[in-house]
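First up is the structure itself, then whatever we jot down about it.
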Amino acid sequence: MFFRFLPNLILDVGLNLIKTSESERQDMYDRPAEFVALALDTCDKQQSGIVKTQAAKLFEGLCDNIDGAVTYTSYFCLQALNMTLSKESQKPKLEIGDFAVNIEQAHNDLITGCSFIKHSKPDVVIDASIMVLGLLSYVHSKPAYKNVFVWVEKLFSYYVNEILNNESKLVKARYSLFLGYLIDVLFKQDPEAFKNTLFFLYKSVDLQGEDKVIAL
């Protein structure tokens, strides 16, 4: 019974709760250090005890204890990124095929009509999806999920320039957070994406003021 509602729990509860709120977005400009600290706490120890960090605990609990949760969560985050980045950039969507045996067309239809997509700004959809994928980096590194990570890498390789050149500071901040967990294993087969990402990180080092949220 629980497994039946797992996709809805991920889409309608988890992603909606972990996404950046308007007050948090304002902190990105007014209190960049606190904004970064919350992002790191969300992906690490979840000590803040607020809705965002509890959503992170929910994702970890699901993925550690429920069969299929890693696959569903990763797929939904990747497709949310795929849909949003494609629409924003007018670039054709990446065709994600052979993701997992338990993924069907119905799951793609589910994400298209979910409240997370319908009621979130595009950069917030990207923000939440990247954050959850960063949160689950400890799972994706396991051999059992090698095929899932292959698609994570393919999608970021496909949209790397759309992310790096995105007008939203929030998107760049979340990509920087994501790289903190996965830069050592990303883009092994795409030297151009790796070079552009390293240049992005290099330029971020000397950022000042509110732009420090990108440098982490």
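Under the numbering used here, the first residue of the sequence shown is numbered 23, with each subsequent residue one higher. All residues carry an ideal CB built from backbone N, CA and C; glycine is no exception. Note that this is a predicted model, so its numbers are computed, not measured.
Rounded separation between residue i and residue j - CA only
i      : j      : result
SER137 : VAL154 : 17 Å
ILE139 : LEU62  : 24 Å
MET105 : ASN183 : 16 Å
PRO54  : THR42  : 14 Å
ILE148 : LYS194 : 10 Å
LYS79  : SER142 : 21 Å
LEU60  : GLU46  : 9 Å
LEU201 : THR219 : 9 Å
LEU107 : ASP66  : 27 Å
GLY83  : PHE171 : 19 Å
PRO114 : ASN169 : 23 Å
ASP52  : LEU204 : 28 Å
ASN30  : ALA77  : 14 Å
PHE216 : PHE81  : 28 Å
ARG26  : ILE40  : 22 Å
LYS164 : GLU214 : 26 Å
ARG196 : GLU44  : 16 Å
Cβ-based neighbour list, residue i, same chain, cut-off 6 Å, excluding 5 preceding and 5 following
i      : result
GLU110 : PRO144
ASP49  : GLU56 and PHE57
ILE125 : TYR97
VAL146 : LYS41 and THR42
Whole-number beta carbon distance between residue j and residue i, since they are thought to touch under 8 Å
i      : j      : result
ASN130 : GLN101 : 6 Å
ALA91  : CYS99  : With 8 Å as the limit, ALA91 and CYS99 do not qualify as a contact, their Cβ atoms being about 12 Å apart.
SER159 : LEU103 : Incorrect: roughly 15 Å between the Cβ atoms, too far for contact.
LEU199 : GLY135 : Not quite, the Cβ-Cβ distance comes to about 28 Å (not below 8 Å), so this is no contact.
Close beta carbons around residue i, own chain, < 7 Å, minus the five adjacent residues each side
i      : result
PHE222 : LEU186
LYS161 : Inspection of the sequence shows that residue 161 is occupied by Val rather than by Lys. CYS85, VAL92 and TYR167, listed in sequence order.
TRP173 : LEU100, ILE118 and PHE121
Close beta carbons around residue i, own chain, < 8 Å, minus the five adjacent residues each side
i      : result
MET23  : Low per-residue confidence applies at MET23: pLDDT is 45, beneath 50, and the placement is therefore not dependable enough to give any value.
ILE133 : LEU33, PHE98, GLN101, ALA102, MET105 and ILE139
LEU28  : LEU84, ILE88, GLY90, ALA91 and TYR94
Residue i Cβ short of 7 Å to the ligand ATP heavy atom set
i     : result
LYS67 : Among the components of this structure there are no ligands whatsoever, and the ligand ATP is therefore not found.
> Hey, is the region 28–37 in contact with the region 87–97, meaning 3+ C-beta pairs nearer than 8 Å?
Replying inline: The region 87–97 and the region 28–37 touch, with three or more beta-carbon pairs separated by less than 8 Å.
> Does the region 173–183 come close enough to the region 110–119 that 3 or more CB-CB pairs lie under 8 Å?
Replying inline: At 8 Å Cβ cutoff, the stretches touch.
> Taking three-plus beta-carbon pairs below 8 Å as touching, is the region 204–217 in contact with the region 70–89?
Replying inline: Result no; under three Cβ-Cβ pairs closer than 8 Å.
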